[in-house]
Amino acid sequence: MTLSTMFLTMLPGMLRTIAIFVLTLVFSLPLGMVVMMLRKSRIGIVQILTKIFIAVMRGTPLMLQLLVWYFGPYYLFRMPIGGYRFTAIILGFSLNYAAYFAEIYRAGIEAIPVGQYEAADVLGYSKAQTFFKIILPQVIKTILPAVTNEVITLVKDTSLAFALAYSEVFSIAKQISSSQTSFMPFLIAGVFYFVANYAVAFGMEAVEQMFKYYD
Amino acid sequence: MKRILCTILTLACSVVLTACGASSTSSEAVTYGFLDETLGTENYAIGFRLGDEELAETVSAAVKALVKNGTYASIAENYPDIKDYLSLSPEDISDDEIAQPGSGDPNYTFKHGFDLDYPPYSYLNDAGEVGGFDVEMAQAVCEYLGWKYEPVPFNWDFKDAELNAGSCDCIWSGFTKEGREDMYTWGITYSTNTQMIMVASNSGIKTLADLAGKTVGVQISTSAADMLEGDRADLAATFNELKVYETYTVAFNDLKAGAIDAIAIDVTAGSYLIANENKQ
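From first to last, the protein sequence lines are chains V and A. Here my numbering is used: position 81 in the first sequence is 145, and no number is missing along the way. Here my numbering is used: position 70 in the second sequence is 81, and no number is missing along the way.
Structure (structure tokens):
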């Protein structure tokens, strides 16, 4: 197999990796906000249930969670699970990352001094105005580096989809490696992950610059 | 600063790339072969869900028809490493056992479950497409019966969950029958395989007894691994260590690098590794 055939064989896998990455972010970033709000809810039972959810999501391996989401419907409800593979992967990744994002958001919100709320109140801002105009911009500034960390981890975590035999770039690299008895595919995959993460880091740095309007 | 960093990284990448290219082309005098003594012999068959007798019989009858009409032998021509181990021949099959062409339900989709990590039975071939002896046979069966074919590559560690949950209809991927007789409804046995010990020509290992105190590698959940952990645990007990690898590719690299002394492997998979090594 020539290097170019190898690359072309891995190309669909790269696109699938990017698909997992993008869809997971699209679902988990807003979902994390919801989880964070439930976590900060004043209703005791909601808060406890959310804490349990976060503990389970963070406390068990993501690979195990993917297996549960995919095989669970059959083992629990005897449902046939034919074309459900990709949905299970996105579901598993999104819920897992939502739990992490929720805690990052919470850290950001709790870092805002109470004086900010008081000042907004004195100036006659409504609750919604205070949150969206005063608090949220500061929260985003604070949490961006932590979010960048998490997003970079996500790029590499997409390889866990191999457990459900979804042919993303790492699974294909492994298969080509077996058939060609060569480590070259892993190197190509490594370069792919590095380039992808470099792009993520570059993009996030640009966003951080955008929020540095007071510096 | 960023531009300098970028240049350095690009250079580092290309150095690594060329280094890898060079190491795989450098030829050494060392060759690899098998010991004469074997660990044991097993049969490969098609595994279906328990109770799926009808499907097992239909597929088996279609395989017999393909043996009879020569398709089986012509597909085998593409796989020299396993040709000698295929166990079906046209003389053993009578005309009343075989399925009729086009006798299958044209709306039925046959979901073929296999591991894409198991050359030469099922793997990504040189063109980067799903191929292998078992894959070509399954496709031929579907074509013969008039079924639709759907490949379902799965993770070998979770093959039972995939089969039971219905994401595939069978496990057909160099699948050993021995020791699993009661776990599946079995279709036709089409190939035998022998588990052997692969060593380097300069290792000085000639018999199984020479393996005492040596480090032996094996791939996880293969027949060779099952054997060394089961029936031949007595032999494994004499080793310095039985190293279990995720894939034989890594094990073979360790053998070449001298990190292990021998590999316990199916003769077909081993021949494939050796043939590939000689090609490079």
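Heads up, the beta-carbon is just placed ideally off N, CA and C, and yes, glycines get one too.
Within chain A, the residues that residue i reaches when beta carbons sit closer than 9 Å
i               : result
Y138 of chain V : A172, N175, A176, G177 and S178
S68 of chain V  : Within 9 Å Cβ-Cβ: nothing; S68 of chain V doesn't reach chain A, min ~10 Å.
Proximity test, Cβ basis, 8 Å: residue i and chain V
i               : result
A275 of chain A : no
N136 of chain A : yes
G130 of chain A : Before going on, a small fix: residue 130 of chain A reads as Pro here, not Gly. Yes, its Cβ sits closer than 8 Å to a Cβ of chain V.
T42 of chain A  : no
Proximal chain V residues relative to residue i, where beta-carbon distance stays under 8 Å
i               : result
Y55 of chain A  : Residues of chain V passing the Cβ test: none, with the nearest at roughly 18 Å.
T279 of chain A : Ordered by position in chain V, no residue passes the 8 Å Cβ test against T279 of chain A, which lies about 14 Å from the chain.
Proximal residues of chain A, C-beta to C-beta of residue i below 8 Å
i               : result
L72 of chain V  : G139
S190 of chain V : Simply none; closest approach about 44 Å.
M127 of chain V : Simply none; closest approach about 10 Å.
Cβ-Cβ separation, residue j to residue i (assumed contact under 8 Å), whole Å
i               : j               : result
V70 of chain A  : G198 of chain A : 5 Å
I176 of chain V : V203 of chain V : 7 Å
S231 of chain V : P164 of chain A : 7 Å
A220 of chain A : L156 of chain A : With a Cβ gap of about 50 Å, A220 of chain A and L156 of chain A do not count as contacting.
S234 of chain A : G44 of chain A  : Wrong, their Cβ atoms sit about 20 Å apart, outside the cutoff.
W158 of chain A : S232 of chain A : Actually they do not touch by this definition, with Cβ atoms about 29 Å apart.
M88 of chain V  : L102 of chain V : Reading off the sequence shown, one finds Thr at residue 88 of chain V, where the question assumed Met. Incorrect: roughly 20 Å between the Cβ atoms, too far for contact.
Cutoff 8 Å: residue i Cβ touching any chain A Cβ
i               : result
S243 of chain V : yes
K238 of chain V : yes
F234 of chain V : no
F150 of chain V : no
F141 of chain V : no
M100 of chain V : no
I199 of chain V : no
M121 of chain V : no
F226 of chain V : yes
M78 of chain V  : no
M65 of chain V  : yes
For residue i, the nearest candidate out of the options (CA to CA)
i               : options                           : result
W133 of chain V : V:V110, V:E269 and V:F157         : V:F157
V152 of chain A : A:T82, A:S184, A:T226 and A:Y90   : A:T82
A56 of chain A  : A:T120, A:S133, A:E252 and A:W183 : A:W183
K197 of chain V : V:Y181, V:I207 and V:A210         : V:Y181
S235 of chain V : V:A119, V:S68, V:R80 and V:T69    : V:R80
I93 of chain A  : A:A248, A:Y129 and A:V210         : A:Y129
T222 of chain V : V:M274, V:I153, V:M70 and V:I112  : V:I153
A83 of chain V  : V:Q244, V:Q239 and V:A260         : V:A260
D193 of chain A : A:T49, A:R60 and A:V41            : A:R60
V264 of chain V : V:F117, V:P94 and V:L208          : V:L208
V120 of chain V : V:A162, V:I109, V:K238 and V:Y278 : V:A162
M127 of chain V : V:Y138, V:A229 and V:K191         : V:A229
G281 of chain A : A:E240, A:T249, A:Q206 and A:A247 : A:Q206
T212 of chain V : V:Y262, V:I118, V:M97 and V:P125  : V:Y262
T200 of chain A : A:V210, A:I208, A:F186 and A:G190 : A:F186
Bounding residues of the beta strand (DSSP E) (the contiguous stretch that carries residue i)
i               : result
N54 of chain A  : G51 to F59
E252 of chain A : E252 to Y256
A176 of chain A : Where A176 of chain A is concerned, there is no enclosing beta strand (DSSP E), given that its DSSP letter is neither H nor E.
G44 of chain A  : Y43 to F45
M194 of chain A : Taken as a continuous stretch (DSSP letters only), M194 of chain A belongs to no beta strand (DSSP E), as it is neither H nor E.
G179 of chain V : Looking at the DSSP string, G179 of chain V is not in any beta strand (DSSP E); the run it does join, the alpha helix (DSSP H), is V178 to V186.
I276 of chain A : A273 to D277
E108 of chain A : Run containing E108 of chain A: none; DSSP gives neither H nor E here.
Chain-ordered chain V contacts of residue i [CB-CB under 7 Å]
i               : result
L284 of chain A : T245
E288 of chain A : T245
Partner residues on chain A for residue i, Cβ-Cβ distance less than 7 Å
i               : result
A229 of chain V : P164, F165 and N166
F135 of chain V : A172 and A176
Span of the alpha helix (DSSP H) around residue i
i               : result
P144 of chain V : Where P144 of chain V is concerned, there is no enclosing alpha helix (DSSP H), given that its DSSP letter is neither H nor E.
G96 of chain V  : L67 to R103
Q202 of chain V : L200 to D221
A260 of chain V : M248 to M274
S241 of chain V : V233 to Q244
E68 of chain A  : E64 to K79
Closer than 9 Å at the beta carbon, the chain V residues around residue i
i               : result
L127 of chain A : A229, S231, S235, I236, K238, Q239, S242 and S243
F263 of chain A : T245
T5 of chain A   : Outside the displayed span of chain A (12 to 291) sits residue 5 of chain A, for which this structure offers no information.
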